[in-house]
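A.B. asks: This structure is in structure tokens; I'll ask about it shortly.
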Amino acid sequence: MSVWVRLGVLDKVRAVLGAVPIVNPSGHHFGRPFITAYQLAIKLDAAYPDVADELKVEIGGSGVGKHNSLAQYLAGQLSRRISERGATYPVEGAFLSKELLTSLQYTAGDKQITGSLNGYDLSMFRLRA
């Protein structure tokens with residue numbers, strides 16, 4: 038059985054995405070905000086450290102020195118499942134172009150993470166409306 042199934046990662050992702058605040062108190066016609074795979078990994082690791090522990094990976098970021106990370110795992114798994122299930126999947130994906138971006142900084146507790154802009158556009162996710 039896969040880590041995804043065994044640890045109920047989809048339910049954990051849904052809980053994390055469901056807790057992302059909408060800053061406008063009256064909502065927005067765009068719907069819920071997207072968060073990057075890094076933001077998702079940081080929030081998921083804070084709430085559910087068992088996933089990264091089981092996978093033996095770090096959150097990720099520039100300078101980690103590894104080609105696998107929690108952010109990459111989540112983005113890859115979600116992307117594959119969204120591709121297979123389409124509009125019936127409870128998570129929606131999108132990309133943020135890396136054009137004209139020089140860096141993205143994230144805070145994970147007391148640690149600063151610089152997002153890796155490695156030639157790919159950045160995966161973003163939100164709960165499907």
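Heads up: the sequence shown at position 108 corresponds to 145 in this note's numbering, and the numbers run straight through without jumps.
Glycine is no exception: its CB is placed at the ideal position from the N, C-alpha and C atoms.
Just so it is clear, the structure is predicted and the values come from calculations on it, not from any experiment.
(1) Classify GLU129 as helix, strand or coil using the three-state DSSP reduction.
(2) So if DSSP puts TYR143 in a beta bridge, which residue, or which two residues, is it bridged to?
(3) Within the same chain, show all residues whose beta-carbon is closer than 8 Å to that of TYR126, passing over the 5 residues directly before and after it, in chain order.
(4) Leaving aside the five residues before and after LEU54 along the sequence, list all residues of the same chain whose C-beta is less than 8 Å from its C-beta, in chain order.
(5) Write down the C-beta distance between LEU154 and LYS135 rounded to the nearest angstrom, noting that I regard them as a contact closer than 8 Å.
(6) Pick out whichever of VAL46, ALA83, VAL60, PHE67 has its Cα sitting closest to the Cα of ASP147.
(7) Nearest by alpha-carbon distance to GLY97: which of TYR85, ALA131, LEU111, GLU91 is it?
(8) Quick one: residues in its chain with C-beta nearer than 6 Å to the C-beta of ALA52, no 5 flanking neighbours on either side, listed in chain order?
(9) Can you grab the Cα-Cα spacing for the pair ALA131 / SER160, in whole Å?
C.D. replies: So, from the data block:
(1) For this step, residue 129 is matched to residue 92 along the sequence shown. Residue state, collapsed to three classes: strand.
(2) In the sequence shown, counting from the first residue as 1, residue 143 sits at position 106. According to DSSP, TYR143 bridges with ILE150.
(3) Reading the sequence shown from its first residue, position 89 is the one you call residue 126. Only ARG118, ILE119, ARG165 meet the Cβ criterion.
(4) Counted from its first residue, the sequence shown places residue 54 at position 17. Only ARG69, ILE72, LEU77, VAL128, PHE162, ARG163, LEU164 meet the Cβ criterion.
(5) If you number the sequence shown from 1, residue 154 lands on position 117. If you number the sequence shown from 1, residue 135 lands on position 98. Contact holds; Cβ gap of about 5 Å.
(6) Locating residue 147 in the sequence shown gives position 110, where the first residue counts as 1. The residue with the shortest Cα to Cα distance from ASP147 is ALA83.
(7) Position 60 of the sequence shown, counting from 1, holds the residue named residue 97. Put simply, of TYR85, ALA131, LEU111, GLU91 the residue whose alpha carbon is nearest the alpha carbon of GLY97 is LEU111.
(8) As a working mapping, residue 52 is identified with position 15 in the sequence shown. For ALA52, where only same-chain residues beyond five positions count, there are no Cβ hits under 6 Å.
(9) Counting from 1 along the sequence shown, the entry for residue 131 is found at position 94. Counting from 1 along the sequence shown, the entry for residue 160 is found at position 123. For ALA131 and SER160, the distance between alpha carbons rounds to 6 Å.
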